[in-house]
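*Asks:* Numbering (full-length UniProt numbering), first residue to last: 1 to 362.
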């Protein structure tokens, strides 16, 4: 990876084929960015937890959690959610609230509506909604500007065929990268939970290291193919295995997006990578020793994340200078990682400059 690259200015894979994209806009209004959680199962219809299918605008998921807790007169800890969703967007997702042996307040729907949370459906379930249990997110996005041209369709087709680099979006690191700067300082002196109660700074550090590793593999062209010693992840699942010997079948499965190479989410424990794939992790530990060592001292457990994500059920409609994109991403995938391959916008490239809020996946 180039040592002169600006912080957070990770490469685009489509530039080699098409050159840099032209400028465009993607969030002129909340309705231009619609996110809908795909849970993958339905509440059972009974139990002490009330599950609510909500729609919100201008609110974070944690804002909606606080409003629901206040309306039901419970602690926010009694409220569950699966993923964090955007603030500047129209988003639909499930929340749960524990109400053992008691009904919901009669005016719950009205009270939430007054806070900007619209209840679309309600159902009971025996268990609290846990983080990361949903299957995917569906995005419906509207983009405008010079980027909406004939080349946009070619870029889109390329991504549908080859997949999208699974980068964490710049919003993960805060405006101007301030979350990452705070993480560096905290990890250098020793992480303490009281200084990072939600683990946001730990997440920023791990996300940055992952993006750095993915950038190395974008630079050398190996981000979409398996290497000996890679930990392969089966598309659409958490199943993974070490590629001890690369053969034609595994290479073909990677080419058709059935298998993806993965990168490390840094922490304590064995990353599982071997052989040729280990050199990227060694480079991380050398270039970012403070972050790596700080995460290990904090006791974060090592994990894996696919380097690539597949666009599921993709659709593109272009009319005049407006394009509408419709696609599903696995949970944890950033729509901004897709958009940065299609248009040039200051919030999609480097966080060395001022950034605006973007997609926070769930």
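Glycine is no exception: its CB is placed at the ideal position from the N, C-alpha and C atoms.
Which runs of the beta strand (DSSP E) fall wholly inside the region 52-103 and span at least 3 residues, in chain order?
*Replies:* 79-81, 90-98
*Asks:* Whole-angstrom Cβ separation of residue 166 and residue 333, contact assumed at under 8 angstroms?
*Replies:* 6 angstroms
*Asks:* Work out the CA separation of residue 49 and residue 294 for me, nearest whole Å.
*Replies:* 38 angstroms
*Asks:* Please say whether residue 93 and residue 143 have beta carbons closer to each other than 8 angstroms?
*Replies:* no
*Asks:* Taking buried to mean at least 16 other C-beta atoms within 10 Å of its own C-beta, is residue 107 buried or exposed?
*Replies:* Under the 10 Å beta carbon count, residue 107 is surrounded by fewer than 16 other beta carbons and is classified as exposed.
*Asks:* Could you name the residues that DSSP lists as bridge partners for residue 166?
*Replies:* Paired residues: none, contrary to the question.
*Asks:* Under three-state DSSP, which class holds residue 342?
*Replies:* coil
*Asks:* Count the other CB atoms, across all protein chains shown, that sit within 10 Å of the CB of residue 413; report buried if there are 16 or more and exposed otherwise.
*Replies:* Nothing can be reported for residue 413, as the shown portion of the chain is limited to 1 through 362.
*Asks:* What ranges does the beta strand (DSSP E) occupy inside the region 274-323, keeping only unbroken runs of at least 3 residues that lie completely in it?
*Replies:* 303-306, 312-319
*Asks:* Shortest alpha-carbon distance to residue 34 belongs to which of 331, 327, 342, 284?
*Replies:* 327
*Asks:* If you draw a straight line from the C-alpha of residue 78 to the C-alpha of residue 65, how long is it?
*Replies:* Rounded to whole angstroms, the gap between the alpha carbons of residue 78 and residue 65 is 9 angstroms.
*Asks:* With C-beta atoms as the reference, is residue 257 less than 8 angstroms away from residue 340?
*Replies:* no
*Asks:* Got a sec, what are the start and stop residues for the alpha helix (DSSP H) residue 149 sits in?
*Replies:* Element bounds for residue 149: n/a, residue is neither H nor E.
*Asks:* Counting C-beta neighbours from all protein chains within 10 Å, is the total for residue 220 16 or more, i.e. buried, or is it exposed?
*Replies:* exposed
*Asks:* Which residues in the same chain as residue 61 place their Cβ atom closer than 6 angstroms to its Cβ, once the five residues preceding and following it in sequence are excluded?
*Replies:* Setting aside the 5 residues that flank it on each side, residue 61 is surrounded in the same chain by 81, 84, 85, each with a C-beta closer than 6 angstroms to its C-beta; the list follows chain order.
*Asks:* Looking only at C-alpha atoms, which of 271, 29, 272, 12 sits nearest to residue 374?
*Replies:* It is not possible to answer for residue 374, since the shown part of the chain is limited to 1 through 362.
*Asks:* Looking at the structure shown, is residue 353 part of a helix, part of a strand, or coil, going by DSSP?
*Replies:* Here the model assigns residue 353 a pLDDT of 37, short of 50, so the residue's position is not dependable, and the following value carries that caveat. Looking at residue 353 - three-state DSSP - the assignment turns out to be coil, as it is neither helix nor strand.
*Asks:* In this structure, does DSSP put residue 228 in helix, strand or coil?
*Replies:* Residue 228: coil per DSSP, three-state reduction.
*Asks:* Mind checking residue 75: buried by the 16 CB within 10 Å criterion, or exposed?
*Replies:* exposed
*Asks:* Assuming residue 307 and residue 217 form a contact by the criterion Cβ under 8 angstroms, report the distance between their Cβ atoms to the nearest whole angstrom.
*Replies:* 6 angstroms
*Asks:* Please look up how many angstroms separate the CB atoms of residue 268 and residue 300, rounded, as I've assumed it's under 8 angstroms.
*Replies:* 7 angstroms
*Asks:* Here's the rule: buried if 16 or more other CB atoms are within 10 angstroms of the residue's CB, otherwise exposed. What is residue 322?
*Replies:* exposed
*Asks:* Counting only runs of 3+ residues fully inside the region 13-52, write out the beta strand (DSSP E) ranges in chain order.
*Replies:* Runs of the beta strand (DSSP E) inside the region 13-52: 33-38.
*Asks:* Which same chain residues end up closer than 7 angstroms to residue 195 when comparing Cβ atoms and leaving out the 5 residues on each side of it in sequence?
*Replies:* 186
*Asks:* Considering residue 186, what are the terminal residues of the alpha helix (DSSP H) in which it resides?
*Replies:* 178-189
*Asks:* Do you know whose CA, among 46, 52, 156, lies nearest residue 72's CA?
*Replies:* Taking only the C-alpha atoms, the option nearest residue 72 is 52.
*Asks:* So, is residue 110 buried or exposed, given that buried needs 16 or more other C-beta atoms within 10 angstroms?
*Replies:* exposed
*Asks:* Would you kindly report the start and end of the unbroken alpha helix (DSSP H) that includes residue 334?
*Replies:* Taken as a continuous stretch (DSSP letters only), residue 334 belongs to no alpha helix (DSSP H), as it is neither H nor E.
*Asks:* Is DSSP giving residue 171 helix, strand or coil here?
*Replies:* helix
*Asks:* For residue 348, is the classification buried or exposed, using 16 other Cβ atoms within 10 angstroms of its Cβ as the cut-off for buried?
*Replies:* buried
*Asks:* Whole angstroms is fine: what's the gap from residue 23's alpha carbon to residue 59's?
*Replies:* 28 angstroms
*Asks:* When we look at the beta-carbon of residue 100 and count the other beta-carbons within 10 Å, is it buried (16 or more) or exposed?
*Replies:* exposed
*Asks:* Residue ranges of each beta strand (DSSP E) run of no fewer than 3 residues wholly in the region 106-131, ordered along the chain?
*Replies:* 117-125
*Asks:* Does DSSP put residue 248 in a helix, a strand or coil?
*Replies:* DSSP places residue 248 in the helix class (H, G or I) of the three-state scheme.
*Asks:* Would you identify the three-state DSSP class for residue 213, choosing helix, strand or coil?
*Replies:* helix
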